[in-house]
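Visitor: In UniProt numbering, the protein residues as written are 1 to 291. All C-beta atoms in this analysis are idealised placements derived from N, C-alpha and C, irrespective of residue type, glycine included.
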């Protein structure tokens, strides 16, 4: 008999109703799979299916993403996401918890693990430390006020932006393929199916809030990041795609801010979405690491 899929559940954080997919097996140790920016929780379906036999897998939709609520003010600071993760763990009683997270989710999970080192059992962060140091240095070299005026300009653009509509599902599917050329036809179709909503006029639009195109300046200074990374005590695996835009911390020097319990794994023939691009190798390595 074919396995039954996840159950949709919700919890309240910061007065918002946030969605998560619960893959069952509640007596097993908890495992949170946390997606990246402008993505959704069902992008983890293949990983969840592979791990659900040994883990109680929970996949949240970040606020403003998937089937979670949008913020009325369109403002999404990263530490707000850290609070949401803390509330999920607290409300569901998941401590100690294992986390596998991608991109923005990895950034969130690394901060959380630094704030609550005794709660996170093991952590896998797929390209979760952001842009390379050179980009951060350029941003710091600009006048402080310019950072915020650029954000204000982007917010105005986002507020004027109409939700993009695709005439057909296949049009949205083609955009998904453009975003990641490594995806198979089946992967692209599944990801698109859970990424779009049907509008009243019959068109299709992405579920995420358009204001997510205007990320606010980070409220945590660079020294704060280093302090949080250094406070992580759990075994941590960082995964990178050799063909990705993301900079490998083992090569750009950022690994020095982490403890000796962190290692880096790089995948050839993979871009930013390693868990899709090299799924079988990825899930084998992760399953062994978190076991």
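Please report how far the alpha carbon of residue 116 lies from the alpha carbon of residue 154, in whole angstroms.
Guide: The alpha-carbon atoms of residue 116 and residue 154 are separated by roughly 33 Å.
Visitor: Give me the Cα-Cα distance between residue 171 and residue 223, rounded to the nearest whole angstrom.
Guide: If I take the Cα positions, the gap works out to 44 Å.
Visitor: Identify the continuous alpha helix (DSSP H) that holds residue 177 and give its terminal residues.
Guide: 169-179 is the span of the alpha helix (DSSP H), which, as asked, contains residue 177.
Visitor: Measuring alpha carbon to alpha carbon, tell me which residue in 242, 161, 274 and 233 is nearest residue 119.
Guide: Nearest of 242, 161, 274 and 233 to residue 119, Cα basis: 233.
Visitor: Tell me, please, whether the segment 236-248 touches the segment 193-213 by the rule of three or more beta-carbon pairs shorter than 8 Å.
Guide: Output reads no: the segment 193-213 does not touch the segment 236-248.
Visitor: Decide yes or no for the touch test of the segment 3-21 against the segment 41-57: beta carbon pairs closer than 8 Å, at least 3 of them.
Guide: Cβ pair count under 8 Å is three or more, so yes.
Visitor: On the premise that residue 40 lies in contact with residue 61, defined as a C-beta separation below 8 Å, what is that separation, rounded to the nearest angstrom?
Guide: Correct: roughly 6 Å between the Cβ atoms.
Visitor: Within the continuous alpha helix (DSSP H) that includes residue 31, where are the two ends?
Guide: First-last for residue 31: 30-34, but that is the beta strand (DSSP E), not the alpha helix (DSSP H).
Visitor: According to DSSP, simplified to helix, strand and coil, what is residue 60?
Guide: Strand.
Visitor: Which of helix, strand or coil does DSSP assign to residue 1?
Guide: With a pLDDT of 42 at residue 1, under the threshold of 50, the modelled position of this residue cannot be trusted; read the value that follows with caution. Residue 1 falls in the coil class under three-state DSSP.
Visitor: If you follow the alpha helix (DSSP H) that residue 267 is in, where does it begin and where does it stop?
Guide: Per DSSP, residue 267 belongs to no alpha helix (DSSP H); it is in the beta strand (DSSP E), 262-267.
Visitor: Residue 190 and residue 45 look like a contact to me (Cβ under 8 Å); what is the Cβ gap, rounded to whole Å?
Guide: The pair is a contact, with the Cβ atoms about 7 Å apart (cut-off 8 Å).
Visitor: Considering only C-alpha positions, which residue in the set 66, 255 and 267 is nearest to residue 130?
Guide: The shortest Cα separation from residue 130 among 66, 255 and 267 belongs to 255.
Visitor: Could you give the DSSP three-state label for residue 95: helix, strand or coil?
Guide: Note: residue 95 maps to coil in three-state DSSP.
Visitor: Does the Cβ-Cβ distance between residue 278 and residue 270 come in under 7 Å?
Guide: Contact: yes.
Visitor: Report the partner residues of residue 101 according to the DSSP bridge assignment.
Guide: DSSP lists 34 and 125 as partners of residue 101.
Visitor: Drop a sphere of 10 angstroms on the beta-carbon of residue 187, count the other beta-carbons inside from all chains shown, and report buried for 16 or more, exposed for fewer.
Guide: Buried: at least 16 other Cβ atoms inside 10 Å.
Visitor: Find out if the Cβ-Cβ distance for the pair residue 51, residue 101 is shorter than 7 Å.
Guide: Result no, Cβ atoms of residue 51 and residue 101 do not sit closer than 7 Å.
Visitor: Cβ of residue 291 within 6 Å of any heavy atom in the ligand FAD?
Guide: This structure does not include the ligand FAD; it has no bound ligands of any sort.
Visitor: How is residue 233 classed by DSSP in three states: helix, strand or coil?
Guide: Looking at residue 233 - three-state DSSP - the assignment turns out to be coil, as it is neither helix nor strand.
Visitor: For residue 76, which of 235, 87, 63 and 276 has the nearest alpha-carbon?
Guide: Among 235, 87, 63 and 276, the Cα nearest to that of residue 76 is on 63.
Visitor: By the three-class DSSP mapping on this structure, what secondary structure does residue 240 have?
Guide: Residue 240 falls in the strand class under three-state DSSP.
Visitor: Restricting to Cα atoms, I'd like to know which of 91, 276, 230 and 31 is closest to residue 177.
Guide: Comparing Cα-Cα distances from residue 177 to each of 91, 276, 230 and 31, the minimum goes to 276.
Visitor: Residue 119 by DSSP, collapsed to three states: which one?
Guide: Residue state, collapsed to three classes: coil.
Visitor: Under the assumption that residue 228 contacts residue 110 (Cβ atoms under 8 Å), give the Cβ distance between them as a whole number of angstroms.
Guide: Their Cβ separation, rounded to whole angstroms, is 7 Å, which keeps residue 228 and residue 110 in contact under 8 Å.
Visitor: List the endpoints of the continuous alpha helix (DSSP H) containing residue 282.
Guide: Residues 279-290.
Visitor: Does the distance from the C-beta atom of residue 213 to that of residue 158 stay below 7 Å?
Guide: Yes; because the gap between Cβ atoms is below 7 Å, this pair is in contact.
Visitor: Here's the rule I'm using: 16 or more other beta-carbon atoms within 10 Å means buried, otherwise exposed. How should residue 183 be labelled?
Guide: Label assigned to residue 183: buried.
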